[in-house]
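Single-structure report; data block below.
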Amino acid sequence: MFKKIALALMLCAGANAANLTVTKGEITAHTEVLGDNEINPNTKSVRSSLTIDDKIESIKGQIFFDTLTLVSTKKDRDDHMYKLLNVEKYKTVSFDITSIVRNGLNYDISGILTLSGVSKNITVRSNIVEENGHISLDGGFSFNLTDFKLEPPTMFFLTVRNQIDITYKIDLKK
-19 MFKKIALALM LCAGANAANL TVTKGEITAH TEVLGDNEIN PNTKSVRSSL
31 TIDDKIESIK GQIFFDTLTL VSTKKDRDDH MYKLLNVEKY KTVSFDITSI
81 VRNGLNYDIS GILTLSGVSK NITVRSNIVE ENGHISLDGG FSFNLTDFKL
131 EPPTMFFLTV RNQIDITYKI DLKK
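Going by our numbering, the first residue of the sequence shown is number -19, and it counts up by one from there.
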């Protein structure tokens, strides 16, 4: 009898959750190599599998994109990036949201970033605005390629900077 009551309570609690759909999204990665500080591949093919209960802090789930949708202004450089990221084996980049905590005017989003088959816990600062059933996430963070067991590529004795700066703007609707 207790199991049936517990199951009914869990189902009722989950019944309030609403799915969130990406209406517009852009994620840009930035790095540099001596003489070229405009290495900015980006994707506008952001997808999600997110839910929300009654408040922003209840958002859970995953934001992701296909690695091959990450493109820059130079196709040959993109080919090197795809080789580095081993896109044949690891077809997506994802961020699994585990918690969101209000921090002053912004929010700290904690989760697991998975890149090229390696997963790392990270926390990112984000501006989150909710208005009329729409939620906007806007922020950025940095990580090192070596954190994900990736060696910065070398081109003609020049090495790409290890640090990758990510900026994102993702609009969601209930």
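Here a beta-carbon is modelled for each residue, glycine too, at the ideal position from N, C-alpha and C.
Since this is a predicted model, take the numbers as computed values, not measurements.
Using C-beta distances below 8 Å, list every residue in its chain close to residue i, excluding the 5 sequence neighbours before and after it, in chain order.
i, result
"Lys153", "Leu0, Thr1, Thr3, Gly113, His114, Ile115"
"Asn124", "Asn142, Gln143, Ile144"
Have a look at residue i and residue j and give me their C-alpha separation to the nearest angstrom.
i, j, result
"Pro133", "Ile43", "27 Å"
"Gly120", "Ile150", "11 Å"
"Asn101", "Leu30", "18 Å"
"Thr11", "Met61", "12 Å"
"Lys(-16)", "Asp34", "Because Lys(-16) carries a pLDDT of 47, less than 50, the predicted location of this residue cannot be relied on, and the following value inherits that uncertainty. Each residue's alpha carbon lies about 25 Å from the other."
"Asp118", "Leu138", "33 Å"
"Phe128", "Gly97", "8 Å"
Please list, in chain order, all residues of the same chain as residue i whose beta carbon is under 7 Å from its beta carbon, the five residues on each side excluded.
i, result
"Ser25", "Phe45, Asp46, Thr49"
"Leu64", "Leu130, Pro133"
Grab the span of the beta strand (DSSP E) containing residue i for me, first residue to last.
i, result
"Asp88", "86 to 95"
"Arg27", "27 to 32"
Quick check on residue i: does DSSP put it in helix, strand or coil?
i, result
"Asp127", "helix"
"Ile80", "strand"
"Gly(-6)", "Low per-residue confidence applies at Gly(-6): pLDDT is 47, beneath 50, and the placement is therefore not dependable, though the value from the model is reported in the following sentence. Note: Gly(-6) maps to helix in three-state DSSP."
"Ile108", "strand"
"Ser52", "coil"
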